[in-house]
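Enquirer:
There are 2 protein chains.
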Amino acid sequence: MRIALDAMGTDTAPSAEVAGAIDALRDVTSQDVEIILVGDEEVVRAELARHDDVPRGIRVHHAPDRVSAEDSPASVIRRKPDSSIVVGLKLHKDGDADGFVSAGPTGAVMASSLFTLRPLPGVDRPPVGTLLPTAGDLSLLLDAGANIGCKPSNLVQFAHLGSTYMRDAMGRENPRVGLLNIGEEPGKGDEVTMETFELLKVDAGLNFIGNIEGRDIVRGDCDVIVCDGFVGNILLKFYESVAGYIVDLLKAELDTVEDSNVDLEHVFRVLDYAEYGGAPLLGLGGVSIICHGGSPPKAIRNALIVAARAIRSGLVKHSAEELLT
Amino acid sequence: MRIALDAMGTDTAPSAEVAGAIDALRDVTSQDVEIILVGDEEVVRAELARHDDVPRGIRVHHAPDRVSAEDSPASVIRRKPDSSIVVGLKLHKDGDADGFVSAGPTGAVMASSLFTLRPLPGVDRPPVGTLLPTAGDLSLLLDAGANIGCKPSNLVQFAHLGSTYMRDAMGRENPRVGLLNIGEEPGKGDEVTMETFELLKVDAGLNFIGNIEGRDIVRGDCDVIVCDGFVGNILLKFYESVAGYIVDLLKAELDTVEDSNVDLEHVFRVLDYAEYGGAPLLGLGGVSIICHGGSPPKAIRNALIVAARAIRSGLVKHSAEELLT
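Top line first, the protein sequences correspond to chains P and A. Our numbering runs 6 ahead of the 1-based position in the first sequence. Our numbering runs 6 ahead of the 1-based position in the second sequence.
#1: Measure the C-alpha to C-alpha separation of residue 69/P and residue 323/P and round it to an integer number of angstroms.
#2: Looking at the C-beta of residue 39/P, does it have a partner C-beta in chain A at a distance below 9 Å?
#3: Return the residue from the list 59/P, 231/P, 190/P that minimises the CA-CA distance to residue 212/P.
#4: Please return the same chain residues whose Cβ sits closer than 7 Å to the Cβ of residue 82/A, not counting the five positions on each side in sequence.
#5: Could you say which of 24/A, 87/A, 40/A, 105/A lies nearest to residue 57/A if we only look at CA atoms?
#6: Let me make sure I understand the geometry here. Which of 297/P, 235/P, 187/P has the alpha-carbon closest to that of residue 219/P?
#7: Between residue 161/A and residue 234/A, is the Cβ-Cβ spacing less than 9 Å?
#8: Do you know offhand how far residue 305/A's Cα is from residue 284/A's?
#9: For residue 265/P and residue 254/P, what's the separation of their Cα atoms in angstroms?
#10: Quick check on DSSP: helix, strand or coil for residue 327/A?
#11: Could you name the residues of chain A that residue 241/P contacts, counting a contact when the two beta carbons are closer than 9 Å?
#12: Could you tell me whether any Cβ in chain A is nearer than 9 Å to the Cβ of residue 159/P?
#13: Suppose the cutoff is 8 Å on Cβ atoms and the five residues either side in sequence are ignored; what does the same chain contact list for residue 215/P look like?
#14: Helix, strand or coil for residue 65/A per DSSP?
#15: What whole-angstrom Cβ distance do residue 135/P and residue 123/P have, given they're in contact under 8 Å?
#16: Quick one: give me the first and last residue of the beta strand (DSSP E) that residue 9/P is part of.
#17: Taking only beta-carbon positions, decide if residue 225/A is within less than 9 Å of chain P.
#18: So, residue 195/P versus residue 154/A, is the Cβ gap smaller than 9 Å?
#19: By the criterion of Cβ-Cβ separation under 7 Å, what are the contact partners of residue 248/P in chain A?
#20: Taking residue 170/A as the reference, which of 200/A, 296/A, 133/A has the closest Cα?
#21: Looking at residue 28/A: is its Cβ nearer than 9 Å to the Cβ of residue 107/A?
#22: Near residue 172/P, what residues of its chain come up, given a Cβ to Cβ distance below 8 Å and the 5 sequence neighbours on each side ignored?
#23: Can you find the residues in the same chain that come closer than 7 Å, C-beta to C-beta, to residue 126/P, ignoring five residues on each side of it along the sequence?
#24: CA-CA distance, residue 314/A and residue 98/A?
#25: For residue 257/A, count neighbouring C-beta atoms within 10 Å of its own C-beta (all shown protein chains included) and say buried if the count is 16 or more, exposed if not.
#26: Are residue 26/P and residue 303/P touching if we call contact CB-CB under 9 Å?
#27: Which same chain residues, not among the five before or five after residue 202/P, have their C-beta less than 7 Å away from its C-beta?
#28: Give the interface partners of residue 251/A over in chain P, defined as CB-CB distance under 7 Å, in chain order.
#29: Would you kindly check if the distance between the Cβ of residue 221/A and the Cβ of residue 246/P is under 9 Å?
#30: Roughly how many angstroms lie between the CA atoms of residue 197/P and residue 129/A, to the nearest whole one?
#31: Which runs of the alpha helix (DSSP H), 4 residues or longer, sit entirely within the segment 31-59 of chain A?
#32: So, with DSSP's three-state summary, where would you put residue 213/A?
#33: Please compile the residues from chain D whose C-beta is within a distance smaller than 8 Å of the C-beta of residue 154/A.
#34: With a CB to CB cut of under 6 Å and the five nearest residues on each side skipped, what residues in its chain are close to residue 250/A?
#35: Report yes if the CB atom of residue 40/A is closer than 9 Å to the CB atom of residue 7/A, and no otherwise.
#36: Starting from residue 185/A and walking both ways along the alpha helix (DSSP H), at which residues does that stretch end?
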């Protein structure tokens with residue numbers, strides 16, 4: 007199995023990418039994995055040379071150009087055909103790689119993935135998912151911001167694509183699906199959520215547990231949380247920032263205690279998005295996973311491992327089948 | 007000034023209400039305030055008798071009935087005319103009280119307030135606001151769940167009503183207004199937010215600072231955060247629960263440290279909604295403030311103090327003027 011990794015995506019590229027790729031290959035579950043670092047060959051090789059323990063299975067594929075946050079996402083395919091994003095996705099599309107991971111600008115990775123890998127038959131609006139830390143297991147929230155103003159049929163597709171992902175990439179059996187709403191009872195919410203509720207309720211292919219409220223998210227009762235990208239995006243960004251805010255409050259408090267030997271490492275780890283392996287684009291004819299621009303090596307490593315699991319389990323094939331049934 | 011307090015609203019009624027009213031009257035800023043405890047007279051007087059330091063300024067007004075969470079909010083006015091909610095609001099409506107505070111079921115307090123106090127001229131959909139703790143000062147989020155599927159004109163009214171409240175009840179000069187959206191640039195969001203942005207931008211009566219994202223909320227850059235009640239409700243409930251979740255993570259961690267003398271009191275206090283004096287219903291011909299059903303005496307006390315400030319500053323008159331200009 008070969009995964010194309012955009013080597014020029016993070017703010018510290020290609021340093022985090024190279025270190026993350028090396029770490030991923032050291033992982034026992036990844037022994038049959040080859041990682042193709044896509045980027046300026048000279049720069050990437052120079053970075054590789056700084057590691058004296060590069061495992062077999064690392065390759066470099068030259069792409070001289072790089073997408074920046076200033077580039078209009080929709081124009082990247084046309085204007086930056088030699089960028090690491092476009093070249094990496096083309097490797098996947100042409101069958102020279104089985105998946106793609108990038109920490110480049112989110113909009114550019116999304117638009118380029120959509121254009122290159124194309125939606126699966128029947129998918130109207132491919133969603134982007136994000137894994138949220140909860141008091142239970144991780145929950146997949148989707149859509150996390152790609153699709154604003156969704157119809158009920160879109161949200162039902164998100165439920166199916168999210169379930170397939172949680173089964174294939176995260177190993178969850180019979181994933182529980184919740185519809186994010188302003189009350190638990192049927193009949194709550196706006197027209198779209200009310201109609202979506204009725205569709206999900208009678209969908210035999212889903213383990214639909216009903217409406218969930220904002221307060222239910224952190225309990226971790228759902229494997230998949232379905233919502234419009236408008237609320238999903240606001241919620242996701244809020245969660246990231248509020249976790250940081252509360253931890254800062256706490257650190258300031260601990261600093262007032264002399265010789266405190268309280269180790270906050272564990273709390274930080276639970277709340278650390280880097281643990282969770284990126285945001286998958288779902289419903290496409292390929293595996294494409296987006297990481298934060300600020301990703302450390304660990305986040306890249308985890309995204310590669312999730313990509314490998316998604317590829318190995320046949321996520322794309324299962325997603326296509328899920329939508330046909 | 008007289009404030010009608012629903013004495014039968016909290017889960018511990020009338021205990022929290024009586025204690026909160028006594029505490030509020032002890033506050034120096036409240037010396038001209040009279041609090042009318044509205045509820046079953048016998049029950050309320052028995053609770054008062056448990057305090058041996060009841061200040062002057064406490065009165066009891068008999069209302070034999072009580073609204074429960076099972077009552078349909080819209081039917082309370084008709085079916086429970088002798089309930090503490092309906093009787094208390096009627097005191098306000100008839101001029102025998104200048105404001106109303108209740109920790110009864112939110113939907114019932116909202117529907118009854120709307121019916122009794124009526125929207126101010128020109129107010130299409132009166133919003134409910136909530137104060138959020140941030141790294142800066144408190145921010146008022148509105149609408150927090152009363153209005154789903156708002157039009158741009160509704161959201162613009164929320165901005166005006168929220169600004170007036172933050173000025174009158176919270177003492178903020180020239181309150182900064184942000185529009186909750188999925189990106190900072192103009193042109194982001196759905197049709198409603200895009201059109202709202204254009205209206206707010208040219209509104210000379212507002213200090214509009216532009217779109218704000220989910221991640222900006224906790225920074226506290228805004229005094230007023232405007233959004234549809236769908237996203238507002240989900241966000242608010244999420245914030246409450248996630249703060250509890252992170253604090254729990256932390257407590258568990260601190261418990262593993264022997265003889266820890268870390269005092270988390272301060273952190274809890276910052277995140278404690280009870281500090282902030284309830285959720286105001288805005289755009290009505292009166293002052294109506296809703297508290298959590300689980301409110302401790304402190305939350306009741308603070309809501310009473312905020313109500314007193316809103317009454318004294320002329321919130322209702324200013325709100326009416328704000329919408330005419």
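All C-beta atoms, glycine included, are put in the ideal place defined by N, C-alpha and C. Computed from a predicted structure; not experimentally measured.
Expert: The structure says:
#1: 29 Å
#2: no
#3: 231/P
#4: 73, 89, 91, 92, 114, 117, 118
#5: 24/A
#6: 187/P
#7: yes
#8: 7 Å
#9: With a pLDDT of only 49 at residue 265/P, under the threshold of 50, the placement of this residue in the model should not be trusted; the figure read from the coordinates follows. One C-alpha to the other measures close to 18 Å.
#10: helix
#11: 220, 237, 240, 241, 244
#12: no
#13: 182, 183, 184, 227, 228
#14: strand
#15: Not quite, the Cβ-Cβ distance comes to about 16 Å (not below 8 Å), so this is no contact.
#16: 8-12
#17: yes
#18: yes
#19: 224, 245, 248
#20: 133/A
#21: no
#22: 146, 178, 181, 229, 230
#23: 289, 290, 291, 325, 326, 329
#24: 13 Å
#25: exposed
#26: yes
#27: 158, 161, 162, 185
#28: 141, 224
#29: yes
#30: 23 Å
#31: 47-55
#32: strand
#33: Structure shown: chain D not included; protein chains present are P and A.
#34: none
#35: yes
#36: Run containing residue 185/A: none in the alpha helix (DSSP H); it sits in the beta strand (DSSP E), 182-186.
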